[in-house]
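Numbering (full-length UniProt numbering), first residue to last: 1 to 313.
By construction, the Cβ of each residue, glycine as well, lies at the ideal position given by its N, Cα and C atoms.
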Amino acid sequence: MNGKQIVLGAVAVAVVAFLTIKVYPNFPSGRLGVLFYFTASSHHERQEFQATKEGIMTLPLDASTPINVIIHGYTESSIRPWVVNLTNALLSRDPSSVVMLVDYYDLTTISRPYMMENARNIAQSTAHLLDLLVKNRGIKLSNIHVMGFSLGGRISGLVGARVKTGKIGRITGIDASYPWLPPVTNEEYLDAEDATLVVNLRTSLIGSRSPPAHVDFYANGGTGQPGCQKWYYFGPVQEVCNHYLSVKLMTEAVENSDKIIFPACKCPNWESFQNNTCTCEVINHFGLNTDPSIQGSFYFRTNMEPPYSRPLD
């Protein structure tokens, strides 16, 4: 065995270890907890607040305030450009609404088993916040929309399963990721049990294996996005590109929610959609205007560049 083989073998062992066992330390730190931020049209800058009874009493809310909750993805934070863009789009669409950001960067860890544990803790903290809002500020769960990208989509499902005061109005999985390891319980997934309406947008293999939601949207079949088919994008890089298209589609959908965009055809699979064997008599639209009464799997194509929405062919 030569030196190169030894190095590759050591790397392989390290990768397997981080994927399957608890490797210390829980990096960077599991002790710092989840940070919550509040932003509204009336606030020029976001403000941090505590998920306590005292902490939420200072927030400018009333019982009818629509609340959007955004949960970022793995290795990210709440200041990612897509989070900022989506926040601005939501507040521009409805100035009476507010956006709450869940920031778990300090709970991000390389060791996947630790990250699964941390994800449950993040979800528990967020569910506790929502319960506090219901009990102490009179917020209706039906007015709460939780949006989670990638791991944040999985965490959204965990939040829905842990809320004690009822069911969240809507959860949107933005290419919600599939568990890295076999889940301990069904709660580990984002699925149709987690909210009154669960919508999942699928754009990559990272999210395409998660269980059915009430409404599943497959952009370009759920992988192989047009703008990501570049010769210099090898496999994993291409999937990351596919994955991040989801947040661009979500933002475009919110920015244009006063229009009818992202029409999608109900179809059993992508092949049937491509072969025009689906009649497309049943159509739904991805975005804030998704019809909750029209459920199932829906397929649509996008343009390579913005605007991504295009009519059904």
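What are the boundary residues of the beta strand (DSSP E) that includes N303?
-> For N303, no beta strand (DSSP E) run applies, since DSSP gives it neither H nor E.
Residue of G222, P236, S272 minimising C-alpha distance to L249 = Closest option to L249, Cα to Cα, is G222.
Inter-stretch contact (C-beta, 8 Å, three-pair minimum) for the region 85–105 and the region 259–268 | By the Cβ rule, the region 85–105 does not count as touching the region 259–268, because fewer than three pairs are nearer than 8 Å.
Those residues which DSSP pairs with I144 across a bridge = Residue pairing of I144 in beta bridges, as defined by DSSP: I67.
Going by the beta-carbon positions, is the gap between G152 and H72 smaller than 8 Å?
-> Taking C-beta atoms as the reference points, G152 and H72 count as a pair closer than 8 Å.
Under the three-state reduction of DSSP, which class applies to L201: helix, strand or coil?
-> Strand at L201.
Take the Cβ of S309 as the centre, count every other Cβ of all protein chains shown within 10 Å, and call the residue buried at 16 or more, exposed below.
-> Classification for S309: buried.
For Q295, which three-state DSSP category applies?
-> When DSSP states are grouped into helix, strand and coil, Q295 belongs to the coil group.
Should Y299 go down as buried or exposed, given a rule of 16 or more other Cβ atoms within 10 Å for buried?
-> The Cβ neighbour count for Y299, taken over all protein chains shown within 10 Å, is at least 16; the residue is labelled buried.
Please report the Cβ distance between A195 and R170, rounded to the nearest whole angstrom; I am assuming they are in contact, meaning their Cβ atoms lie under 8 Å.
-> Confirmed, about 6 Å.
Going by other Cβ atoms of all chains shown within 10 Å of its Cβ, with 16 needed for buried, is F286 buried or exposed?
-> That one is buried.
N275 by DSSP, collapsed to three states: which one?
-> N275: coil per DSSP, three-state reduction.
Within 10 angstroms of its Cβ, does N136 collect 16 or more other Cβ (buried), or is it exposed?
-> Exposed, because fewer than 16 other Cβ atoms sit within 10 Å of the Cβ of N136.
Where A195 falls: helix, strand or coil (DSSP) | In this structure, A195 counts as strand in the three-state DSSP scheme.
Go ahead and pull the three-state DSSP assignment for C280.
-> Note: C280 maps to coil in three-state DSSP.
If you draw a straight line from the alpha carbon of A40 to that of M147, how long is it in whole angstroms?
-> Looking at the backbone, the Cα of A40 and that of M147 are separated by about 17 Å.
Which of helix, strand or coil DSSP assigns to I168 = Note: I168 maps to strand in three-state DSSP.
Please look up how many angstroms separate the CB atoms of L158 and E187, rounded, as I've assumed it's under 8 Å.
-> Going by Cβ atoms, the distance from L158 to E187 rounds to 6 Å, so yes, they are a contact pair.
Residue burial classification, A63 (beta-carbon count within 10 angstroms, cutoff 16) | Exposed.
Residue(s) in a DSSP beta bridge with M100 | Listed as beta-bridge partners of M100 by DSSP are F38, V69.
Report, in whole angstroms, the separation of the C-beta atoms of T165 and V134, which I expect to be a contact under 8 Å.
-> Going by Cβ atoms, the distance from T165 to V134 rounds to 4 Å, so yes, they are a contact pair.
Please classify R209: is it buried, with 16 or more other beta-carbons within 10 angstroms of its beta-carbon, or exposed?
-> Classification of R209: exposed, given that the 10 Å Cβ count is below 16.
Can you tell me which of the three DSSP states G30 falls into?
-> Low local confidence applies: a pLDDT of 47 at G30 is under 50, so the model's placement there is unreliable, with the coordinate-based value given in what follows. Three-state result, G30: coil.
Using alpha carbons as the reference points, say which of T302, L35, D313, V198 lies closest to D291.
-> Measuring from the Cα of D291, the nearest candidate turns out to be V198.
Give every residue of the same chain whose Cβ lies closer than 6 Å to the Cβ of T75, excluding the five residues on either side of it in the sequence, and list them in chain order.
-> Within the same chain, T75 has close Cβ partners T108.
By DSSP, does K266 sit in helix, in strand, or in coil?
-> Strand.
Enclosing alpha helix (DSSP H) for Y189 [first to last residue] = That residue, Y189, is in no alpha helix (DSSP H); it is neither H nor E in DSSP.
Whether E54 touches Y37 by CB criterion (8 Å) | In this structure, Y37 does not lie closer than 8 Å to E54 by Cβ.
Where D216 falls: helix, strand or coil (DSSP) | Three-state DSSP puts D216 in a strand.
Less than 7 Å between the CB of N85 and some heavy atom of the ligand GTP, yes or no?
-> In the structure shown, the ligand GTP is absent, as is every other ligand, since no ligand is present at all.
In chain order, what residues of the same chain lie with their CB nearer than 7 Å to the CB of E239, ignoring the 5 residues before and after it?
-> Close CB contacts of E239 within its chain, under the 7 Å cut and outside five residues either way in sequence, are with S204, L205, I206 (chain order).
Provide the residue span of the alpha helix (DSSP H) that contains Q238, from first to last.
-> Per DSSP, Q238 is one residue of the alpha helix (DSSP H) stretching across 235–255.
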